[in-house]
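Novice:
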Amino acid sequence: MIRVPFGDFFFLTLLSLVLLSNKSPASCRRLSNLNLLNVVHTRDNKNSEIRELAKGNIGQSEKELKLVEDVGSEEPGDPVDAFWEWDRMVVGGGGELDFIPERMLRIGPSMKVPSAANRPLYSPFVFPNPHTSKHVAFPQKEMPPCLRPMDRPFRAHRTYPRSWEFPGFEASIPRHWDWRNVSGINYSSPNRNQHIPVYCGGCWVFGTLGSLQDRFNVARNNRWPMTQLSPQEIIACNGRGNCNGGTAEDVFVHAKIQGLVEEGCNNYKAVNEKCTPFTRCGSCWPDSCFAIQNYTRYYIKDYGKLSGRIQMMSEIHNRGPIACAISATEQFDKNYTGGIFQQLADSPSNHIVSVSGWGWDEESKTEFWIVRNSWGDAWGEMGWFRIVTSIYRGGRGDQYNLGIERECYFADPDVSNLI
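In terms of mature numbering (1 follows the signal peptide of the UniProt record, and there is no 0), the sequence shown is residues -28 to -1, 1 to 391.
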């Protein structure tokens, strides 16, 4: 689905709502046929042209919208109120345009559209999570990529060599390693869900930040309090990435220059915000809200990128978890409930996760990465997953592990100002 700027998207949606709510007291109109719209947005100089292409999906007509007369006596609905009610709805894990028809149909009651039009456009894919009694429903549409392609080469900041750059470093790599349990100590911060309270393409924040705050725990020898940083402040104030995607470098540059803040400064809302002193770090009283002046900032020193199984293991073992880009396939998104994942796939990276270690399954003779996702505890193995390393199938594992070893990122915490 091609995206359109929010202003044009707002106009299209509001116009549709005006049509749907334009009913006289003597008669009301009902929606009898709605086709999913592909919206193509083109720009010629400063002029914007919206061209709507409709393809028949519901009913026999190829027209994208058909309004027919029906008898009724309901008063017209308010399209502006209806729009904001629509905007507050949570529909699921797709982009806004993917769910315009679904959301429009679900606001029927508030707009006094008869219930004949209020029908779903997709069926959820439901599977049980083996670690809970709940069922998790994901829409059948693929989630849009939350990892934005780099528009320039990654600009690392390094002042000293890494462990994997010294001769013979492989000898120090253990057979297995897991930062969730190092001699009985857990250095991992709590799991998060980037998709609530509404969908936000913020994996670039959560995957990168998850590894970074764990590294703060490692650098501080796991002293209280456990590091938990604010993804919302990064979304608001980094200046590049947002809920429509971003990169690991966006997080690192922001951490290097501005410093990161604790979760309590700006709780996650899964929306794009304007950066202000309040969104940087704020609080509220019953009658007013205000910016906090004195708060802890978390900075980093060196940051960079790496690739390959041996470099990853050395960096993780010596410094802590790292962030890695993967190609999150539909099978991975919707079908994974546990075990060691493998899928033959070759597609561009579209997601970032945090790799915290590796292990060995003796029964299947399979080496695997230990990885945290950002889709909540109800997904996978309590929010985590295992996936084969590149030695799988005689060294062809990089074709089966979603490209997790292709491009990874690290950053070194600066704890000089922390207790």
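Ideal Cβ placement from N, Cα and C applies to all residues, glycine included.
1. Whole angstroms is fine: what's the gap from Ala317's alpha carbon to Gln371's?
2. Could you say if the stretch 318 to 327 and the stretch 174 to 192 meet the contact criterion of at least three C-beta pairs nearer than 8 Å?
3. Please report how far the alpha carbon of Tyr270 lies from the alpha carbon of Gly366, in whole angstroms.
4. Whether or not the stretch 131 to 142 and the stretch 221 to 229 are in contact is what I'm after, with contact meaning three or more pairs of Cβ atoms, one per stretch, closer than 8 Å; do they touch?
5. Whether or not the stretch 233 to 240 and the stretch 190 to 210 are in contact is what I'm after, with contact meaning three or more pairs of Cβ atoms, one per stretch, closer than 8 Å; do they touch?
6. Trp176 and Gln283 - do their beta-carbons sit closer together than 7 Å?
7. What is the DSSP secondary structure of Gln315, counted as helix, strand or coil?
8. Cutting at 8 Å between CB atoms, please list the residues of its own chain near Thr301, excluding the five before and the five after it.
9. Excluding the 5 residues flanking Glu339 on each side, which residues of the same chain have their C-beta closer than 6 Å to its C-beta?
10. May I have the straight-line CA-CA distance separating Val154 from Val233, to the nearest angstrom?
11. Keeping to the same chain, check which residues put their C-beta closer than 6 Å to that of Asp349; ignore five residues upstream and five downstream.
12. Residues in its own chain within less than 6 Å of Cys253 by CB, not counting five upstream and five downstream?
13. Would you check if the distance between the CB atom of Val127 and the CB atom of Val387 is smaller than 7 Å?
14. Just mark Thr248 as buried or exposed, buried being the case when its beta carbon has 16 or more other beta carbons within 10 Å.
15. Taking all protein chains shown into account, decide if Asn322 is buried (16 or more other Cβ within 10 angstroms of its Cβ) or exposed.
16. For a test of the three-state rule: what should DSSP assign to Ile288, helix, strand or coil?
17. Do Arg358 and Ile298 come within 7 Å of each other at the CB atom, strictly closer than that value?
18. Would you identify the three-state DSSP class for Thr199, choosing helix, strand or coil?
19. Going by DSSP, what residues sit across from Ser346 in a beta bridge?
20. With a threshold of 8 Å on Cβ separation, who are the neighbours of Lys241 within its own chain once the five nearest residues in sequence on each side are excluded?
21. Can you name the start and end residues of the beta strand (DSSP E) that His323 belongs to?
22. Is the Cβ-Cβ distance between Ser279 and Glu142 less than 7 Å?
23. What does the Cβ neighbour count give for Trp196, buried or exposed, with the cut at 16 atoms within 10 Å?
24. Under three-state DSSP, which class holds Ala208?
25. DSSP beta-bridge partners for Pro385?
26. In the DSSP assignment, what residue or residues form a beta bridge with Ala297?
27. Let me know if Ile157 comes out buried or exposed under the rule of 16 or more other beta-carbons within 10 Å of its beta-carbon.
28. From the DSSP output, in three-state form, read off His129 for me.
29. Judging by CA-CA distance, which residue of Asn389, Ile376, His167, Pro117 is the nearest neighbour of Trp341?
30. Compare the Cα-Cα distances from Gly179 to each of Ser336, Cys296, Thr309 and report the closest residue.
31. How is Gly367 classed by DSSP in three states: helix, strand or coil?
32. Is the separation between the beta-carbon of Asn214 and that of Asn165 shorter than 7 Å?
33. Which of the three DSSP states, helix, strand or coil, is assigned to Lys246?
34. Is it the case that the Cβ atoms of Val190 and Tyr159 are separated by a distance below 7 Å?
35. Nearest to Pro308 by CA position, among Gly292, Glu334, Ile294, Trp347, is which residue?
36. Count the other CB atoms within 10 Å of the CB of Phe138; is the residue buried (16 or more) or exposed (fewer)?
Specialist: Let me spell this out:
1. Position 345 of the sequence shown, counted from the start, is the residue given in the question as residue 317. Position 399 of the sequence shown, counted from the start, is the residue given in the question as residue 371. Taking the straight line joining both Cα atoms gives about 6 Å.
2. yes
3. The sequence position of residue 270 within the sequence shown is 298, counting from 1. The sequence position of residue 366 within the sequence shown is 394, counting from 1. Across the structure, Tyr270 and Gly366 are spaced so that their CA atoms are roughly 42 Å apart.
4. no
5. yes
6. As a working mapping, residue 283 is identified with position 311 in the sequence shown. As a working mapping, residue 176 is identified with position 204 in the sequence shown. It is not a contact, given that the beta carbons lie outside the stated cut-off.
7. If you number the sequence shown from 1, residue 315 lands on position 343. Reduced to three states, the DSSP call for Gln315 is strand.
8. One-based indexing of the sequence shown puts residue 301 at position 329. Around Thr301: Gln315, Ala317, Ser319, Leu374.
9. Here residue 339 refers to the residue found at position 367 of the sequence shown. Result list for Glu339: Trp332, Thr361, Ile363, in chain order.
10. Taking the first residue of the sequence shown as position 1, residue 154 is located at position 182. Taking the first residue of the sequence shown as position 1, residue 233 is located at position 261. C-alpha separation (whole angstroms): 27 Å.
11. In the sequence shown, counting from the first residue as 1, residue 349 sits at position 377. So the qualifying residues of the chain are Asn163, Gly355.
12. Residue mapping note: residue 253 aligns to position 281 of the sequence shown, counting from 1. Excluding sequence neighbours, Cys253 sits near Val233, Cys237, Ile264, Tyr267.
13. Locating residue 127 in the sequence shown gives position 155, counting from the first residue. Locating residue 387 in the sequence shown gives position 415, counting from the first residue. It should be noted that the sequence gives Arg, not Val, for residue 127. No, they are not a contact pair.
14. As a position in the sequence shown, residue 248 is number 276, starting the count at 1. Flag for Thr248 reads exposed.
15. Against the sequence shown, residue 322 aligns to sequence position 350. Asn322 is buried by the Cβ-count criterion.
16. For the purposes of this step, residue 288 is taken as residue 316 along the sequence shown, with counting starting at 1. Helix.
17. As a first step, residue 298 is located in the sequence shown; it is residue number 326 there, counting from the start. As a first step, residue 358 is located in the sequence shown; it is residue number 386 there, counting from the start. No, the Cβ-Cβ distance between Ile298 and Arg358 is not below 7 Å.
18. Translated into positions along the sequence shown, residue 199 becomes position 227. Thr199: coil per DSSP, three-state reduction.
19. As a first step, residue 346 is located in the sequence shown; it is residue number 374 there, counting from the start. DSSP lists no partner for Ser346.
20. Locating residue 241 in the sequence shown gives position 269, counting from the first residue. Closer than 8 Å at the Cβ level, and outside the excluded window around Lys241, lie Pro169, Gln204.
21. Residue numbering aside, residue 323 sits at position 351 when the sequence shown is read from its first letter. Its beta strand (DSSP E) spans residues 323 to 333.
22. Taking the sequence shown and counting its residues from 1, one reaches residue 279 at position 307. Taking the sequence shown and counting its residues from 1, one reaches residue 142 at position 170. No, the pair does not count as a contact, with Cβ atoms beyond the cut-off.
23. The count along the sequence shown starts at 1 and reaches residue 196 at position 224. Exposed: under 16 other Cβ atoms inside 10 Å.
24. On the sequence shown, position 236 is the one that residue 208 refers to. In this structure, DSSP gives Ala208 a helical state, which the three-state scheme calls helix.
25. Taking the first residue of the sequence shown as position 1, residue 385 is located at position 413. Beta-bridge pairing by DSSP links Pro385 to Ile272.
26. Position 325 of the sequence shown holds residue 297. DSSP, once it has assigned bridges, lists Ile324 as partnering Ala297.
27. Position 185 of the sequence shown, counting from 1, holds the residue named residue 157. Exposed: under 16 other Cβ atoms inside 10 Å.
28. Counting from 1 along the sequence shown, the entry for residue 129 is found at position 157. Looking at His129 - three-state DSSP - the assignment turns out to be strand.
29. Counting from 1 along the sequence shown, the entry for residue 341 is found at position 369. Among Asn389, Ile376, His167, Pro117, the Cα nearest to that of Trp341 belongs to Ile376.
30. Locating residue 179 in the sequence shown gives position 207, counting from the first residue. Out of Ser336, Cys296, Thr309, Cys296 has the C-alpha closest to the C-alpha of Gly179.
31. Mapped onto the sequence shown, residue 367 falls at position 395. The answer is helix: DSSP assigns Gly367 an H, G or I state.
32. The residue you call residue 214 lines up with position 242 of the sequence shown. The residue you call residue 165 lines up with position 193 of the sequence shown. For Asn214 and Asn165, no; Cβs fall outside 7 Å.
33. Locating residue 246 in the sequence shown gives position 274, where the first residue counts as 1. The answer is coil: DSSP assigns Lys246 none of H, G, I, E or B.
34. Locating residue 190 in the sequence shown gives position 218, where the first residue counts as 1. Locating residue 159 in the sequence shown gives position 187, where the first residue counts as 1. Yes. Within cutoff.
35. Position 336 of the sequence shown, counting from 1, holds the residue named residue 308. For the sequence presented, residue 308 should be read as Tyr rather than Pro. Nearest of Gly292, Glu334, Ile294, Trp347 to Tyr308, Cα basis: Trp347.
36. Walking along the sequence shown from the start, residue 138 turns up at place 166. Exposed, because fewer than 16 other Cβ atoms sit within 10 Å of the Cβ of Phe138.
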